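Residue numbers (UniProt numbering): 1 to 384.
What follows is the structure in structure tokens.
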């Protein structure tokens, strides 16, 4: 239905004899060759222009009159999925094919002789008027994307001077709404696929971690620690670099279990594991090597840096509050720090020196960090 108050002008045939000349200019404008070195891109609507150009050639060869040319154009345009239209200087539609009429939401007969303001709501009409005004302001075809009546369109317009009747417009509408919907569906499918791949990767990593991580604390287990330590010794020896080994034990763990229960003690171990993970890098290796024993391998780090980092962890443990059955449970740790190759340049000696430093920290009352001694002579082969 037309908008209220919209009627075809009486006594005027919308398919008047002015149409053939107008449509000839339309097709010629869209299919004319581009000037050399022109930056104007090829129109994606060339598939529309070519069959219409063929119609013109056929009309010229046959010597058709105006009415014959109109009929020929109508027959060619009706089969096109692209909307083809022409407007006079006042914006009234002189010609539309079925695809163009469908874009406007009316039949061909309802569209002819009417303006966009009579056929569409104010917002949609304003969109088309803006494009029409821009096209009239330039000589070359104007192409841009527009959204009209829930359709995504590539709109190509060409201003066509009409003899004694101002400047009309010829246009093509290519509806790529379905393409947009397909692209959106593809993007959604790709996002789902990427999400599934990430989930699969997380699952693979989780399964992998189950073999190398301690279930209670989340840090690495003893087997992984031994492998990492051997690898770090070999790498540091070849590249002449240092690393630190830290031995850690929860102070008075048995007393913690006796006073607060096993569950509270386990929560303290979990808190320690979380602090170790949060204070180490990806290349480091925090590990649980016993019931209340932990070790940390700090790659590329010397004694001073290792001491500073572990002192920070010790203070965090001292300040940590673990809640169990409404009660505050606190714990402390003792640490011993050794360095390769400064305190020892071989694996057994490095482990023993870290353990000695840990024992010294415990003898001093716990809740402390002790550095392994650096020998004045080449690192000793420490006896058991």
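Glycine included, C-beta positions come from ideal geometry on N, C-alpha and C.
Just so it is clear, the structure is predicted and the values come from calculations on it, not from any experiment.
I'd like to confirm something about residue i: is its beta-carbon nearer than 7 angstroms to some heavy atom of the ligand NAP, or not?
i, result
"residue 196", "The ligand content of the structure shown is nil, which means the ligand NAP is not present either."
Which value, in whole angstroms, describes the spacing of the CA atoms of residue i and residue j?
i, j, result
"residue 260", "residue 329", "8 angstroms"
"residue 290", "residue 180", "60 angstroms"
"residue 86", "residue 189", "40 angstroms"
"residue 110", "residue 99", "14 angstroms"
"residue 104", "residue 147", "12 angstroms"
"residue 93", "residue 160", "14 angstroms"
"residue 192", "residue 333", "46 angstroms"
"residue 97", "residue 183", "28 angstroms"
"residue 206", "residue 84", "59 angstroms"
"residue 226", "residue 265", "26 angstroms"
"residue 199", "residue 298", "30 angstroms"
"residue 131", "residue 78", "24 angstroms"
"residue 258", "residue 331", "13 angstroms"
"residue 36", "residue 167", "Per-residue confidence for residue 36 stands at a pLDDT of 41, beneath the threshold of 50, marking its modelled position as unreliable; no derived number is given."
"residue 16", "residue 125", "Low per-residue confidence applies at residue 16: pLDDT is 41, beneath 50, and the placement is therefore not dependable, though the value from the model is reported in the following sentence. Taking the straight line from one Cα to the other gives about 25 angstroms."
"residue 267", "residue 323", "8 angstroms"
"residue 269", "residue 240", "35 angstroms"
"residue 113", "residue 119", "10 angstroms"
"residue 145", "residue 281", "51 angstroms"
"residue 149", "residue 194", "34 angstroms"
"residue 360", "residue 256", "21 angstroms"
"residue 169", "residue 91", "8 angstroms"
"residue 307", "residue 228", "21 angstroms"
"residue 283", "residue 178", "50 angstroms"
"residue 101", "residue 152", "15 angstroms"
"residue 141", "residue 133", "12 angstroms"
"residue 367", "residue 186", "59 angstroms"
"residue 263", "residue 364", "28 angstroms"
"residue 357", "residue 203", "40 angstroms"
"residue 386", "residue 106", "Lying before the first or after the last residue shown, residue 386 is absent from the chain, which here runs from 1 to 384."
"residue 108", "residue 163", "25 angstroms"
"residue 135", "residue 122", "20 angstroms"
"residue 346", "residue 254", "33 angstroms"
"residue 391", "residue 214", "Given that the chain is displayed from residue 1 to residue 384, the structure contains no residue 391 and the question cannot be resolved."
"residue 295", "residue 211", "18 angstroms"
"residue 82", "residue 137", "24 angstroms"
"residue 310", "residue 222", "20 angstroms"
"residue 335", "residue 196", "43 angstroms"
"residue 271", "residue 362", "20 angstroms"
"residue 353", "residue 216", "28 angstroms"
"residue 355", "residue 201", "38 angstroms"
"residue 127", "residue 143", "14 angstroms"
"residue 80", "residue 95", "14 angstroms"
"residue 66", "residue 129", "Residue placement at residue 66 is flagged as unreliable, the pLDDT there being 48, under the threshold of 50; a coordinate-derived value is accordingly withheld."
"residue 208", "residue 302", "31 angstroms"
Just list the residues that DSSP pairs residue i with in beta bridges.
i, result
"residue 87", "93, 169"
"residue 213", "220"
So residue i packs on residue j, CB below 8 angstroms; how close in whole Å?
i, j, result
"residue 116", "residue 165", "That pair is no contact at about 19 angstroms."
"residue 273", "residue 218", "5 angstroms"
"residue 285", "residue 220", "6 angstroms"
"residue 313", "residue 276", "7 angstroms"
"residue 337", "residue 244", "6 angstroms"
"residue 242", "residue 300", "7 angstroms"
Legend entry - Runs of beta strand (DSSP E) wholly within the stretch 130 to 178 (minimum 3 residues, chain order): Whole beta strand (DSSP E) segments, 3+ residues: 142 to 148, 151 to 162, 166 to 175.
Inset, instruction - Check whether the stretch 171 to 188 touches the stretch 141 to 158, counting contact only when three or more Cβ pairs, one atom from each stretch, lie closer than 8 angstroms. - result: Yes: the two stretches touch, three or more of their Cβ pairs being nearer than 8 angstroms.
Legend entry - Cβ contact check for the stretch 340 to 351 and the stretch 360 to 378: 3 or more pairs under 8 angstroms: Touching, yes, given that three or more Cβ pairs across the two stretches are closer than 8 angstroms.
Inset, instruction - Assess, as a yes-or-no matter, whether the stretch 311 to 320 is touched by the stretch 215 to 234 under the definition of 3 or more beta carbon pairs within less than 8 angstroms. - result: No contact exists between the stretch 215 to 234 and the stretch 311 to 320.
Inset, instruction - Flag this pair as touching only if the stretch 235 to 253 and the stretch 289 to 305 have three or more C-beta atom pairs under 8 angstroms; answer yes or no. - result: Between the stretch 235 to 253 and the stretch 289 to 305, the count of C-beta pairs closer than 8 angstroms reaches three or more; the two stretches touch.
Legend entry - Unbroken stretches of the beta strand (DSSP E), 3 residues or longer, contained in the UniProt domain "GGDEF" (241 to 374): Within the UniProt domain "GGDEF" (241 to 374), the runs of beta strand (DSSP E) that reach at least 3 residues and sit entirely inside it are, in chain order, 243 to 250, 285 to 288, 293 to 299, 322 to 324, 327 to 329, 333 to 340, 369 to 371.
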